[in-house]
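Right, one structure below, let's go through it.
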Amino acid sequence: TATVAPVLDDGPPTMNDPAPPPPKQSLTAFVSQPKSHSNFAVGQFIEFKATAKSEPENAQINYQWDFGGNASVTMTSERTATVRYLGAGTKTVTLRASANGLTETATVTVTIRERESGGK
405 TATVAPVLDD
415 GPPTMNDPAP
425 PPPKQSLTAF
435 VSQPKSHSNF
445 AVGQFIEFKA
455 TAKSEPENAQ
465 INYQWDFGGN
475 ASVTMTSERT
485 ATVRYLGAGT
495 KTVTLRASAN
505 GLTETATVTV
515 TIRERESGGK
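Residues in the sequence shown are numbered consecutively from 405, following the working numbering.
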């Protein structure tokens, strides 16, 4: 004996059918170098690096750095940047990453100290 199961056909989709969920979108970003609270000397070259991940993975990520005043570079849109501070003090650096209409902001604080005098 054969068992026959009925096939249900609801017909073509109607306006009452739920729409498929939109694709998941997310963005995370942080300053991966240098670590917060690092110390550097006035005039020393400091390399800043951003790390970001987006969903979907193939999204174009745009970077914007703000190094504040008294820096050799105050703004850039690259993933990495090398900067020199020309004055001592605590500096807060802001990274803004954006992709797919989402924006993520991260900060890192570094201390710039006067070069020690004295010498050989």
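Note that beta-carbon positions come from the ideal geometry of N, C-alpha and C, so glycine has one too.
Treat the numbers as computed from the prediction; the structure is a model and nothing was measured.
Exercise for the section: Below 8 angstroms on the Cβ atoms is my guess for T507 versus T494; work out the distance and round it to an integer in Å. Expected result: In fact, because the Cβ distance is near 25 angstroms, the residues do not count as touching under 8 angstroms.
Practice task
Determine the contact status of E482 and Y467, defining contact as a CB-CB distance below 9 angstroms.
Solution key: Yes. Within cutoff.
Problem - Rounded Cβ spacing between K453 and T484 (contact assumed at less than 8 angstroms) - result: Contact holds; Cβ gap of about 5 angstroms.
Handout entry: Between the CA atoms of L431 and P424 - distance to the nearest angstrom
Key = Cα to Cα, P424 sits roughly 22 angstroms from L431.
Exercise for the section: Closer than 8 angstroms by C-beta to Q437: which residues in its own chain qualify, once you throw out the five before and the five after it? Chain order, please. Expected result: The answer, listed in chain order, is E451, F452, K453.
Practice task
Starting from the Cα of H441, find the closest Cα among E520, S521, I516 and give me that residue.
Solution key: Among E520, S521, I516, the Cα nearest to that of H441 is on I516.
Exercise for the section: Flag this pair as yes or no: are the beta carbons of F449 and V497 separated by less than 9 angstroms? Expected result: With respect to the 9 angstroms criterion, F449 and V497 are not classified as neighbours on the basis of their beta carbons.
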